[in-house]
Amino acid sequence: MSTEATENGFRPPDALQPVLTGLRERFEDAILEVGGHRGEVVVELDRERLVEVCTWLRDHPAARFRQLASLTGIDYLKYDDRPERLCTDYNLYSFDHNIRLRLKVRVTVEDPHIPSVTGVWPGANFPEREAYDFFGIRFDGHPNLIRIEMPEDWKGYPQRKDYPLGGVDVEYIGAHIPPPDTRRYKGGWTST
Amino acid sequence: MSEVETPDADRPTSELVDEVVVRPGEAHDLPPTQAAEHVSMNERRVHQVVAMGGGDWAEVTARAEAEGQDDVMIINMGPQHPSTHGVLRLVVELKGEEVINLQPVVGYLHTGIEKSIEYRTWVQGVTFVTRMDYLAPIFNETGYCLAVEKLLGIEAPPRAQALRVLMMELNRISSHLVWLATTGLELGALSIMLYGFREREEILDILEDVTGLRMNHAWVRPAGVSQDLPEGTEDKIRAFVRDMRGKADEYETLLTNNPIWLERTRGIGHLSLEELIGLGITGPMLRAAGLEHDLRKAQPYCGYEQYEFDVPTATGSDVYARYQVRLAEMRESLRIVEQVLESLPGGPVMSTDPKIGWPAKLALGPDGLGNSPAHVQHIMGESMEALIHHFKQVTEGIKVPRGEVYVPIESPRGELGYHVVSDGSNLPYRVHVRDPSFMNLQTGTPMSIGLLVADVIAAMSSIDPVLGGVDR
Amino acid sequence: MAPVLRTIYDQMPEPKWVISMGVCATSGGMFNNYAIVQGVDQIVPVDMYVPGCPPRPEMLMGGILKLHEKIMKGEPRSKLVLEEAGR
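Going down the list, the protein sequences come from chains A, B and C. Position in the first sequence (first residue = 1) + 1250 = this note's numbering. Position in the second sequence (first residue = 1) + 1292 = this note's numbering. Position in the third sequence (first residue = 1) + 531 = this note's numbering.
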């Protein structure tokens, strides 16, 4: 997880201090890491107590994260070397305190099960389906976990890093355009 | 969707499949003279009506039969339908004319943008991202560029930020005009359709003057915008603002107290505030329920804190309230546009740091928009270093430090958020877009249960979904 | 969307013509990945291609007028339609 600290170590914004203190008191064993980048705070959680933590975050008066702003699936295959490649990133927003918090849960490809938070925020329905569709993360307890963007009988999880782009060669009269993943962009022209 | 599904005998089909094959010599219930022509033109034509959508159709019909509800009609308002705001498919279960369940099926416009961006440089990502929510392309670009700038740890020059605000507000007005036009059309107010698109043409003309294109501009780039306002644009915008105020009054006169409009929109699609917050809804739908939440005020970006504007709310939380909120938002946007024009700062429109800012100074020449002759002379004749910078910037692009950020902005439909992950190279690692229409579509089901079919159309159009954003 | 498009094309009565509007429909456009068929003429026979991203209104109108002329002159239909008709 990216925890680029600021110069003197990581200092979360003041409004989030009570939330982080409360989390550390109650869920000490579930929190794996707290970090952040450019003013944002990210808490990496263990998946067992995810629903408990989210319920506490939604209901506790110092937190009141009533809106699940975003649920993102990320595949960290080429980013770092941890075996837990697949990650779900929850972005929470609190209307009352105007603060944002991010939660991360990481799982491996062999055991990609994460408890669903649709019981806490019903708006997680579509985004969890999307994360399942594109990354293969199974959300236990989701009411209707089927593919949302790809056709229902599609095989494979397209946005994983080991899934090919699927581009085809395109022939024009007098020109030939190769698919984008074979073009030499990465690293620039000075690299091979 | 790159596999073309050919019909074959092994595919499971539901009872709704009809297969008609016209063979040479067989006149399939056509009058004799026409039959001969028909057959000769279509000798091997196979007409087949196939149930679309794969598994869920069969499931839905099976479930309805199992529950013994034989007076339930399952209608597929398929992806090809004039009133679905794009290729949205609604599977509606009806008892008579009342809806008992509605399931939106999306994915017909999925273009794989998020994955494609991982194979392009950061600036090329703008061209992809701008094509998601096609009615508000400047918002897409700005959100992406703000996220990239946050990762880079820089801010665009003040003139660029003011220009971004100007274009964003004009785009907000044009997006709401399209909403008004299509909603009016679907509810039967046909003249609103023409008026909405007529005003939108004015805005598209202004956008074309500034960016070169009517839509999908790729104008906002990381660390600034690519081109400044040309001569005469400010006067054009001022004239438009004057006109638009009068036109907004006209639309209000036409619709706000219109008894037919009130009948069709009052009380339709009601959702309580708790439901909306739980579903993660943002934008005019949330403001129509009474919660005054606008990211431009709560977490300002691009200098929005300098401008004075109100956040309109309504309390009905039905289609009529959402109409009121959107109309009021158009007026507030006009106020912001005026204020921006008053206080437009001078200075560059793109960061002058040679490692970050886009190198080419664009200018309008006889053959269109391209590199300005002064810039070409500088890099070719005067400075080797500038030439190298230009080359590396255009081919390799900027290198963004490692990290992840999430940047939300207020688009006409709600909170448009960008979760950008960078691994330190010149290609993005992962760009995920939190699209407001995607989240807002989840309200389709709770809103529509108990409504009549015609009201479902009104309710779905009050969500203002743009399928390019939903499917990306 | 490809099977849906083919179904709609098959459901339309003759005479019918297809305009491929925009560069994504003509040739896949800027997208070349698992989700996009490179050109709608792999699914349905196309009579007029209108490029652009997006096409200007004038381009679309020009395309429709050219199609009118093509039909008036009785020019042969596109190759795919002829193949389908077995000629």
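Beta carbons are placed, not taken as given, at the ideal position from N, Cα and C, and that holds for glycine.
Boundaries of the alpha helix (DSSP H) harbouring B:Val-1533: 1525-1547, taken from the DSSP string. Contact of C:Tyr-540 with chain B is not assigned, every C-beta pair being separated by 8 Å or more.
The three-state reading of DSSP puts B:Arg-1627 in helix, counting H, G and I together. In this structure, B:Ser-1625 places its C-beta atom within 8 Å of the C-beta atom of B:Ile-1465. Between B:Glu-1567 and A:Phe-1389, the alpha-carbon positions lie close to 22 Å from each other. Look at A:Gly-1424: its C-beta is not under 8 Å from any C-beta on chain C. Using a C-beta cut-off of 8 Å, the segment 1542-1552 of chain B makes no contact with the segment 1507-1526 of chain B, since fewer than three inter-stretch Cβ pairs fall below that distance.
Beta-bridge annotation (DSSP): B:Arg-1423 is not paired with any residue. Contact with chain A is found for C:Gly-559, since one of that chain's Cβ atoms lies less than 8 Å from the residue's Cβ. Those residues of the segment 1360-1377 of chain A placed with their C-beta closer than 7 Å to a C-beta in chain B are Trp-1371, Pro-1372, Gly-1373, Asn-1375, Phe-1376, ordered along the chain. The alpha-carbon of A:His-1392 is positioned some 35 Å away from that of B:Arg-1556.
DSSP, reduced to helix, strand and coil, places B:Ser-1483 within a helical segment of the structure shown. Annotated three-state conformation of A:Phe-1389 is strand, per DSSP.
What C:Ala-556 touches in chain B, judged by beta-carbon distance under 9 Å, is nothing: the nearest beta carbon there is about 12 Å away. Look at B:Val-1697: its C-beta is under 8 Å from a C-beta on chain A.
The Cβ of C:Tyr-565 sits closer than 8 Å to at least one Cβ of chain A. Between the alpha carbons of A:Glu-1334 and B:Phe-1683 lies a distance of about 39 Å. Annotation: B:Leu-1458 to B:Leu-1499 spans about 10 Å, alpha carbon to alpha carbon.
Within chain A, no residue has its CB atom less than 9 Å from the CB of C:Gln-573, the nearest being about 11 Å off. In the assembly as shown, A:Ala-1381 is a buried residue. Its beta-carbon has 16 or more other beta-carbons within 10 Å. One alpha carbon belongs to B:Ser-1729, the other to B:Met-1676, and they sit about 48 Å apart. Put simply, the backbone Cα of A:Glu-1290 is about 12 Å away from that of B:Ala-1439.
A:Phe-1385 is the residue among A:Phe-1385, A:Val-1370, A:Gly-1369 whose C-alpha sits nearest the C-alpha of A:Glu-1360.
Shown in chain order are the members of the segment 1391-1408 of chain B whose Cβ falls below 9 Å from a Cβ of chain C: Gly-1399, Tyr-1400, Leu-1401, His-1402, Thr-1403, Gly-1404, Ile-1405, Lys-1407, Ser-1408. Proximity of the segment 1406-1416 of chain B to the segment 1387-1397 of chain B falls short of the contact definition, fewer than three beta-carbon pairs being nearer than 8 Å.
Boundaries of the alpha helix (DSSP H) harbouring B:Asn-1432: 1429-1444, taken from the DSSP string. Contact note: B:Asn-1463 does not reach chain C at a C-beta cutoff of 7 Å; the least C-beta distance is about 15 Å.
Our two residues, C:Gly-553 and B:Phe-1420, have alpha carbons roughly 15 Å apart in a direct line. Cβ proximity to chain C below 7 Å picks out nothing from the segment 1632-1651 of chain B.
Residue nearest to B:Pro-1637 within the set B:Ala-1448, B:Thr-1434, B:Arg-1355, B:Arg-1705 is B:Ala-1448 (criterion: CA-CA distance). When the alpha-carbon of B:Glu-1634 is set against those of B:Ala-1606, B:Glu-1600, B:Thr-1605, B:Thr-1475, the nearest one is in B:Glu-1600. Interface with chain B (8 Å Cβ-Cβ cutoff): A:His-1392 is excluded.
Around A:Ala-1313, no beta-carbon contact reaches into chain B at under 8 Å, the shortest distance being about 15 Å. The Cβ atoms of B:Met-1731 and A:Gly-1369 do not sit closer than 8 Å to each other. For B:Met-1731, at least one C-beta of chain A is nearer than 8 Å to its own C-beta.
B:Leu-1382: member of the beta strand (DSSP E) spanning 1381-1387, first to last residue.
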